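Participant: If you read the sequences in order, they're chains A and B.
For the first sequence, UniProt numbering gives the first residue as 1, with consecutive numbering after it.
For the second sequence, UniProt numbering gives the first residue as 1, with consecutive numbering after it.
For every residue, glycine included, the Cβ atom is placed at its ideal position computed from N, Cα and C.
Since we're looking at a predicted model, the values are computed, not measured.
Just dropping this structure here.
2 protein chains.
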Amino acid sequence: MTVHPLPADFGAFPFALPGGHPADSRHAQPVTCHAAGNEIYAQGEKAGCLYQVEFGAVRVYRLLSDGRRQISAFHLAGEVFGFEADGTHHFFAEAIGATGIRTLRLQAAADLSHALLPLALQSLVRAQEHLLVLGRQQAAERVAAFLLDMAERQGVLERFDLPMSRTDIADYLGLTIETVSRVFSKLREKGIIRLHGLRGVEIARWQTLRDMSE
Amino acid sequence: MTVHPLPADFGAFPFALPGGHPADSRHAQPVTCHAAGNEIYAQGEKAGCLYQVEFGAVRVYRLLSDGRRQISAFHLAGEVFGFEADGTHHFFAEAIGATGIRTLRLQAAADLSHALLPLALQSLVRAQEHLLVLGRQQAAERVAAFLLDMAERQGVLERFDLPMSRTDIADYLGLTIETVSRVFSKLREKGIIRLHGLRGVEIARWQTLRDMSE
DNA sequence: CGAGATTTTGAAAAATTTCAACATTCGTGG
DNA sequence: CCACGAATGTTGAAATTTTTCAAAATCTCG
Chain A
1 MTVHPLPADF GAFPFALPGG HPADSRHAQP VTCHAAGNEI YAQGEKAGCL YQVEFGAVRV
61 YRLLSDGRRQ ISAFHLAGEV FGFEADGTHH FFAEAIGATG IRTLRLQAAA DLSHALLPLA
121 LQSLVRAQEH LLVLGRQQAA ERVAAFLLDM AERQGVLERF DLPMSRTDIA DYLGLTIETV
181 SRVFSKLREK GIIRLHGLRG VEIARWQTLR DMSE
Chain B
1 MTVHPLPADF GAFPFALPGG HPADSRHAQP VTCHAAGNEI YAQGEKAGCL YQVEFGAVRV
61 YRLLSDGRRQ ISAFHLAGEV FGFEADGTHH FFAEAIGATG IRTLRLQAAA DLSHALLPLA
121 LQSLVRAQEH LLVLGRQQAA ERVAAFLLDM AERQGVLERF DLPMSRTDIA DYLGLTIETV
181 SRVFSKLREK GIIRLHGLRG VEIARWQTLR DMSE
């Protein structure tokens, strides 16, 4: 299975804000449903669209010559991604699980560059925050920051599901899967988080986690 | 010494492209000269300007609660920085050595948001590239990528000067100063680079360095 | 030239990775 | 509905890398 068109009365793209729900459907854009692992765009492809996650999650990554994969960003429902400075994609983007993506063709809407700047700056903020996490020397600090970020971006008070695998998390945090797993276990043993299956997470002590992530 | 006004016929801000030289002086903006360590803006301050480096270099960083400092970006001559998504600075910016900064007040030029988008995307690209460097697990890979980036941004064929200290480099790469120093020494011993004093660098084997940085 | 700051080097300690084995989860089909 | 198998995740122990702490060397500037 690859791509399904959807009935899609989800709302218009440029009026949808990251983290919120689209509110206007006058300029409804095509929405496609991607299965897990589905490619949204590839490195080297010509870029001409922006993408907004309707549901599900997306990973954006680059492959290194030795086969390692560095994930530069995860995108959750409501978030917009796909900005490129020179008209070419320098990353791969793919659906993590079943994911709905709204597409905006930029050529057809040259006049909304003023609406694009805030979205681009949002991407910049996310990249900068991720940068700060990767600069941390301790694995536990990175994982703590990651969990808080995921919880906050999902607007969660207690239990939530991580859309991505441990391998994805490792490639996002610049760690190995084993180190990520060990940190999860340690946080669980200390009663800071509770795990429900492989994906379910519950943050028991928010402040402790915040102190860890600094 | 803090800030000097300059005669400044350097050229107009919005027409200057990162990496190039300003070409039009019809809308010349104020240029100030900062001494080493001079603050350009502080975290928490209201943001209303963009900045372009005329000469010298700038570091942009955040202080962590335990006193550590994470440098998110260095900016060299020609580059524009200071983008903020919400009108507030979330980082500190300061001159590394003697540095000339051209300032653009954004309120006075609301109509050039279309000229701003490419500059913002440029910042995004730099942040994403830095992200990939920080994701590398080996210190030598990070230092190799850093040296190549510095050389290329200065448009250098052979010898060039690093504007920043080893401590700055360490805080930029998420390493300790000792590790950075050891990697420099190792690269020198292997004949991959040559060092001239503390700041001068000469890349002897570009391809070897590229292979290291992947 | 000399003093302070910066950088380099060494050795031990700590953290992470690697390699290997084991456990758990999830989907599928009987 | 349970069992099976593949995929994913966890744990252990050794090897490697990086950090930490300490001291020596080098550089810069007055």
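With distances taken Cα to Cα, identify the nearest neighbour of Glu-79(B) among Ile-96(B), Leu-119(B), Gln-43(B) and Ser-185(B).
Facilitator: Leu-119(B)
Participant: How many Å lie between Leu-121(B) and Gln-137(B) at the Cα?
Facilitator: Rounded to whole angstroms, the separation of the alpha carbons of Gln-137(B) and Leu-121(B) is 27 Å.
Participant: Taking only beta-carbon atoms, is Phe-83(A) less than 8 Å away from chain B?
Facilitator: yes
Participant: Give the secondary structure of Thr-88(A) by DSSP, where H, G and I count as helix, E and B as strand, and everything else as coil.
Facilitator: strand
Participant: Can you name, in chain order, every residue of its own chain whose Cβ lies under 8 Å from the Cβ of Leu-134(A), other than the five neighbours on each side?
Facilitator: Arg-142, Leu-173 and Gly-174
Participant: Checking the sheet assignment: what are the DSSP bridge partners for Val-80(B)?
Facilitator: According to DSSP, Val-80(B) bridges with Gln-52(B).
Participant: Classify Glu-178(B) as buried or exposed, calling it buried when 16 or more other Cβ atoms lie within 10 Å of its own Cβ.
Facilitator: exposed
Participant: Is there a C-beta anywhere in chain B that falls below 8 Å from the one on Asp-66(A)?
Facilitator: yes
Participant: My output table needs one value for Arg-142(B): the three-state DSSP class, helix, strand or coil.
Facilitator: helix
Participant: Using a Cβ cut-off of 8 Å (strictly closer), state whether Val-201(A) contacts chain B.
Facilitator: no
Participant: Quick one, which of Leu-50(B), Ala-36(B) and Arg-62(B) has its alpha-carbon nearest Gln-29(B)'s?
Facilitator: Leu-50(B)
Participant: Does chain B have any CB closer than 8 Å to the CB of Gly-197(A)?
Facilitator: no
Participant: Could you check the C-alpha separation between Leu-198(A) and Gly-48(B) for me, to the nearest Å?
Facilitator: Rounded to whole angstroms, Leu-198(A) and Gly-48(B) show a C-alpha spacing of 45 Å.
Participant: How long is the line joining the alpha carbons of Val-201(A) and Ala-98(A), rounded to whole angstroms?
Facilitator: 20 Å
Participant: Looking at chain B, which residues of the segment 100-122 of chain A have a Cβ within less than 8 Å of any of its Cβ atoms?
Facilitator: Ser-113, His-114, Leu-116, Leu-117, Pro-118, Ala-120, Leu-121 and Gln-122
Participant: Return helix, strand or coil for Leu-195(B), following the three-state DSSP convention.
Facilitator: strand
Participant: Interface residues of chain A around His-130(B) at Cβ under 7 Å?
Facilitator: Leu-131
Participant: Give every residue of the same chain whose Cβ lies closer than 7 Å to the Cβ of Leu-76(A), excluding the five residues on either side of it in the sequence, and list them in chain order.
Facilitator: Val-53, Ala-57, Arg-153 and Gln-154
Participant: Check the C-beta distance from Met-150(B) over to Leu-162(B) and give it rounded, since I have them as a contact under 8 Å.
Facilitator: 6 Å
Participant: Under 8 Å, Cβ to Cβ, is there at least one residue of chain A near Ser-165(B)?
Facilitator: no
Participant: Please check the pair Leu-209(A) and Ile-203(A), which I expect to be a contact at CB under 8 Å, by giving their CB distance rounded to whole angstroms.
Facilitator: That pair is a contact at about 6 Å.
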